[in-house]
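Q: Numbering (this note's numbering), first residue to last: 196 to 496.
From the three backbone atoms N, C-alpha and C, an ideal C-beta is built for every residue, glycine too.
Computed from a prediction, not measured in an experiment: that's the story for all the values here.
Submitted below is the structure of interest, expressed as C-alpha cells.
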Ligand SMILES: [Zn+2]
C-alpha cells in the first residue's frame, strides 16, 4: 500500500524519518511553507527558506525514495509583521512559478487579525492568477469561527471550492466544510487535537469523499508516520480499502494534481538512487561508502 502525506514540514525532520516514512509506504509528500518557530526578521530568510523547499529538500527527499513537492505562501502568523509581509509578497510570484509547487499555502488565519485578513486575501488573488490550488491553515484558537470566516472569504474572492483544501479540521468543522463543497483535511497529532481513532470515527461517519489525512509533522511534538498509522487503524476497525485509498492517497493527488505539478507518473516507476548524487555540489552522505538503492515503485495496487 502506498501513501501520500500532503502536509508535512520535512526541513525539521531527520533522515531517519525519511527512511521510516518510505519503509511505511509513503511515496510522495507536500511540504507547505510555514512559520519556523523563530520569527524571521528579513525577507532574505524567506527567500532562502523558499529556495530550500524547491531545491535542497526536494533533492534530500529523493535520496530516500520519496517525491517532494511544496506549497509557497506567507503564513498567517508572520503576516502580522506588515513591513516584512510587504516584501515577502513581492518575492512570492517568482517562487509560485517553480517546478514542484502545487499550491499557494499554507495561508489563512492565526489570531484573525486585520493584517492576517489582508494578506490572506492578497494571496487568494495570487492563487487565481497562477491557477493554483489553495491550502488553508485554520486557527487553533476559535477554530470554528476561523474556519467559517476562511470559507466566506474564499467564496467572496470567487475561488472554486474544488481548488481549496481546508486543513486542521475537527468534529466541529468537518460538516460545514464538506457541505460547502471544499476539501477537508485532518492533521493527526500523536497526543492532542485530532487523534487516529477520532479520524477513524470521522471516516465512519462521513465516508471518504473529499476527506484527506495528513501529519503536519514539524519541529514540535508530531508524528511523520501519522498517515500510514491512521490507515492501519482504519483497517483494524474494518474500514474498506477504497476509503483508505481515497483519504490517505488519492484525494490529495486529485486536488493538488490540479496544479499540473503533481502527477502519479512522477513516482509510479522504479527509482534508482546513487547515494553520492549531488545537489549544488552536496550529497546526503557523511563520508560513508555510497550505495545504489533501487526503490521499487512500479505498483500494481
Ligand atoms: Zn503546517
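Helix, strand or coil for residue 325? Go by DSSP, reduced to three states.
A: The answer is helix: DSSP assigns residue 325 an H, G or I state.
Q: Is residue 208 buried or exposed, if buried means 16 or more other CB atoms sit within 10 Å of its CB?
A: It counts as buried.
Q: Using 10 angstroms around the beta-carbon of residue 485, count the other beta-carbons present and answer buried if the total reaches 16, otherwise exposed.
A: When all chains shown are included, residue 485 counts as exposed.
Q: Helix, strand or coil, according to DSSP, for residue 227 in the structure here?
A: The answer is strand: DSSP assigns residue 227 an E or B state.
Q: Please name the residue in 424, 346, 334, 324 whose C-alpha comes closest to that of residue 372.
A: When each option's Cα is compared against that of residue 372, the closest is 346.
Q: Around ligand 1, what residues have a beta-carbon under 7 Å from a heavy atom of it, in chain order?
A: Selection output, chain order preserved: 202, 204, 227, 229, 301, 332, 411, 413.
Q: Between residue 304 and residue 217, what straight-line distance do the alpha-carbon atoms span, to the nearest angstrom?
A: So the two alpha carbons sit approximately 32 Å from each other.
Q: Would residue 468 pass as a contact of residue 300 if the rule is Cβ separation under 8 Å?
A: The answer is no: Cβ separation not under 8 Å.
Q: Using 8 Å as the cut-off, can you tell me whether the segment 427-439 makes contact with the segment 221-234, which would need three or more C-beta pairs spanning the two stretches below that distance?
A: No, because fewer than three Cβ pairs between the segment 427-439 and the segment 221-234 fall closer than 8 Å, the two stretches do not touch.
Q: Looking only at its chain, what residues have a beta carbon closer than 6 Å to the beta carbon of residue 352, apart from the 5 residues adjacent to it on each side?
A: Closer than 6 Å at the Cβ level, and outside the excluded window around residue 352, lie 319.
Q: If contacts are defined as beta-carbon pairs under 8 Å, then residue 462 and residue 223 qualify, I think. What distance do you get, rounded to the angstrom?
A: Their Cβ separation, rounded to whole angstroms, is 5 Å, which keeps residue 462 and residue 223 in contact under 8 Å.
Q: With distances taken between CB atoms, is the gap from residue 406 to residue 398 smaller than 8 Å?
A: Yes.
Q: Go ahead and pull the three-state DSSP assignment for residue 341.
A: DSSP places residue 341 in helix when its eight states are reduced to three.
Q: With contact counted as at least three CB pairs below 8 Å, one residue from each stretch, are the segment 388-398 and the segment 476-490 in contact?
A: Counting Cβ pairs under 8 Å, fewer than three are found: no touch.
Q: Determine the DSSP secondary structure at residue 461, reduced to helix, strand or coil.
A: Note: residue 461 maps to helix in three-state DSSP.
Q: In chain order, what residues of the same chain lie with their CB nearer than 7 Å to the CB of residue 308, ignoring the 5 residues before and after it?
A: Excluding sequence neighbours, residue 308 sits near 275.
Q: How many angstroms separate the CA atom of residue 404 from the CA atom of residue 442?
A: Approximately 8 Å, taken between the alpha carbons.
Q: When burial is assigned at 16 or more other CB atoms within 10 Å of the CB, is residue 283 buried or exposed?
A: That one is buried.
Q: If I follow the unbroken alpha helix (DSSP H) through residue 397, where does it start and stop?
A: 391-401 is the span of the alpha helix (DSSP H), which, as asked, contains residue 397.
Q: Can you list, in chain order, the residues of its chain with a C-beta nearer than 8 Å to that of residue 291? Leave out the 5 residues immediately preceding and following it.
A: Correct list, in chain order: 267, 299, 321, 325, 327.
Q: As a quick exercise: from 335, 278, 336, pick the residue whose alpha carbon is nearest that of residue 314.
A: Taking only the C-alpha atoms, the option nearest residue 314 is 278.
Q: What separation, rounded to the nearest whole angstrom, lies between the Cα atoms of residue 254 and residue 206?
A: Straight-line Cα distance between these residues: approximately 12 Å.
Q: Tell me the residue span of the alpha helix (DSSP H) that contains residue 484.
A: From DSSP, residue 484 is part of no alpha helix (DSSP H); its letter is neither H nor E.
Q: In whole angstroms, give me the CA-to-CA distance for residue 417 and residue 384.
A: Approximately 6 Å between the Cα atoms of the pair.
Q: Out of 341, 459, 286, 489, point me to the one whose CA is closest to residue 271's CA.
A: Of the listed residues, the one whose Cα sits closest to residue 271 is 341.
Q: Can you tell which of 414, 335, 411, 365 has the C-alpha that lies nearest to the C-alpha of residue 400?
A: Checked all of 414, 335, 411, 365; the closest Cα to residue 400 is 365.
Q: Mapping DSSP to helix, strand and coil, what is residue 380?
A: Of the three classes helix, strand and coil, the one that applies to residue 380 here is strand, per DSSP.
Q: Within 10 angstroms of its Cβ, does residue 200 collect 16 or more other Cβ (buried), or is it exposed?
A: By the neighbour-count rule (16 or more Cβ atoms within 10 Å), residue 200 is buried.
Q: Looking at the strands, I want to know which residues DSSP matches up with residue 477.
A: The partner list for residue 477 (beta bridge, DSSP) reads 474.
Q: Specify, as a first and last residue, the run of the beta strand (DSSP E) that residue 362 falls within.
A: Residue 362 -> beta strand (DSSP E) spans 359-362.
Q: Using CA atoms only, rank isn't needed, just tell me which of 286, 395, 256, 355 is closest to residue 427.
A: Closest by alpha carbon: 395.
Q: Going by alpha carbons, who is nearest to residue 498 out of 289, 368, 356, 375?
A: Given a span of 196 to 496 for the chain in the structure shown, any question on residue 498 remains unanswerable.
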